[in-house]
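1 is the number of the first residue of the sequence shown in the UniProt record's numbering; add one for each residue after it. Report on the structure given below.
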Amino acid sequence: MMRSRTQYVGGWLGEDESRVKSSSAPWRDALSHTRLDQEHVDYFSQYRSLYFNESFRDGQGTDEILELIAGVEEVECWLDLGCGPTTLFWSIPANVRTSIDCCDKSAEALKVLHDFILSDDIPPCYQQVLARFGRDHHHLACVREKIDKFIIHDVLSTPFRDVPGPQHDLITAIGLFGLCKSPERYAWALGNAAAQLAEDGYMIGADWVRSARFIDAEGHDNSYINEVSIRRAADEHRLDVLSLSKVCIRGDPLYSTVFVWLMRRE
């Protein structure tokens, strides 16, 4: 029996694509005139509680992503694509001088992030990662002050020219491009994101490959993702692959592996 798309937290929401209207605004005001779907707000709240709240979970590819972010030199502007409610988590090892822009096609995801930014909550996994990188609670408070814009935009289907803005020195796409249905669409989305990348800017991504069980349940097969397809997409858009690793996922019924990568504009 096929499960509904909201039953797998981390999977499809089944969102009506016509609802996605591109916009960009200062984060405190970005959602003030947006009608929110409470079921979707609850979904992203549950997602944050399940995956980014309790103790840090090893073996999910998270370590490798955090280390790549930590290794990037200080940047002026960071754009977090497909951010969901998790930008502050990935910000812990980041070195950002000026501003952070958060982009998601779901206003509801940004609503959960909005409320988390306004809170002083520091969940256990955040505390563990802060300690791991030698940073304290003040660092996270500073990050909250650097949040600049909320951008509502579907990077996987809509050209970024519809949302004008400055180019960014660092772009992250954690768990985003793996939602593409084919290697051709993956390459297009990568190029769409790279259009926002400043000269010599860095892009960090992580693509989780679904388990057979998850593919059967939701019908989205992204097993085309591998080192060859990622490098081919990067070459198409003149991106230099600086690091690319395959990480086997332990104890997760939804995902089998994750490919973690660092690219730079040639």
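Built from N, CA and C at the ideal position, the CB exists for glycine as well.
Residue i - containing alpha helix (DSSP H), residue span
| i | result |
| --- | --- |
| phenylalanine 89 | 87–91 |
| threonine 158 | First-last for threonine 158: undefined, no H or E at that position. |
| alanine 109 | 107–118 |
| leucine 130 | 124–132 |
Rounded C-alpha distance that separates residue i from residue j
| i | j | result |
| --- | --- | --- |
| histidine 114 | arginine 144 | 10 Å |
| valine 247 | valine 228 | 15 Å |
| aspartate 16 | arginine 213 | Low confidence applies here, because aspartate 16 scores a pLDDT of 47, under 50, leaving its location unreliable; read the following figure in that light. Going from the Cα of aspartate 16 to the Cα of arginine 213 covers about 25 Å. |
| leucine 197 | glutamate 67 | 21 Å |
| cysteine 103 | arginine 48 | 16 Å |
| isoleucine 225 | alanine 30 | 34 Å |
| alanine 234 | glycine 191 | 8 Å |
| leucine 242 | proline 85 | 27 Å |
| histidine 153 | histidine 168 | 16 Å |
| leucine 262 | isoleucine 69 | 9 Å |
| glutamine 38 | alanine 189 | 28 Å |
| proline 159 | aspartate 121 | 35 Å |
| leucine 179 | serine 245 | 19 Å |
| glutamine 127 | valine 41 | 25 Å |
| serine 23 | arginine 35 | 14 Å |
| serine 155 | aspartate 63 | Correcting the residue type first, residue 155 is valine in the shown sequence and not serine. Approximately 25 Å between the Cα atoms of the pair. |
| valine 260 | serine 32 | 35 Å |
| glycine 134 | glycine 219 | 42 Å |
| alanine 25 | leucine 110 | 12 Å |
| serine 106 | leucine 254 | 22 Å |
| tyrosine 186 | cysteine 142 | 34 Å |
| serine 223 | valine 258 | 11 Å |
| glutamate 184 | serine 157 | 12 Å |
| leucine 50 | tryptophan 208 | 17 Å |
| arginine 231 | tyrosine 202 | 15 Å |
| valine 112 | leucine 88 | 12 Å |
| glutamate 74 | arginine 161 | 26 Å |
Delimiting residues of the beta strand (DSSP E) encompassing residue i
| i | result |
| --- | --- |
| phenylalanine 150 | 147–152 |
Under 8 Å between C-beta atoms of residue i and residue j
| i | j | result |
| --- | --- | --- |
| glycine 82 | leucine 170 | no |
| tryptophan 27 | lysine 149 | yes |
| aspartate 200 | arginine 265 | yes |
| isoleucine 174 | tryptophan 90 | yes |
| leucine 79 | aspartate 101 | yes |
| leucine 140 | alanine 194 | no |
| serine 211 | serine 256 | yes |
| serine 55 | proline 124 | yes |
| asparagine 95 | valine 72 | yes |
| glutamine 65 | alanine 206 | The question names glutamine, but residue 65 in the sequence shown is isoleucine. Result yes, Cβ atoms of isoleucine 65 and alanine 206 sit closer than 8 Å. |
| arginine 57 | glutamate 76 | no |
| threonine 172 | isoleucine 151 | no |
| phenylalanine 60 | aspartate 252 | In the sequence as presented, phenylalanine is not what sits at residue 60; that position holds glutamine. Yes. |
One or two residues paired with residue i in a DSSP bridge
| i | result |
| --- | --- |
| valine 96 | Val75 |
| proline 26 | Lys149 |
| phenylalanine 259 | Asp207, Lys246 |
| leucine 81 | Cys103, Ala173 |
| arginine 35 | Per DSSP, none; premise fails for arginine 35. |
| arginine 144 | Partner(s): none; arginine 144 has no beta bridge. |
| arginine 264 | Tyr202, Asp240 |
Neighbour flag for residue i against chain C, beta carbons, 8 Å
| i | result |
| --- | --- |
| isoleucine 171 | Judged by its chain identifiers, the structure shown contains no chain C, having just a single protein chain. |
For the region 165–244, which segments carrying the beta strand (DSSP E) assignment without a break, of at least 3 residues, lie completely within its bounds, in sequence order? DSSP runs (the beta strand (DSSP E)) wholly in the region 165–244: 168–174, 197–210.
4-residue-minimum alpha helix (DSSP H) runs that sit fully inside the region 37–67, ordered along the chain: You should have 38–51.
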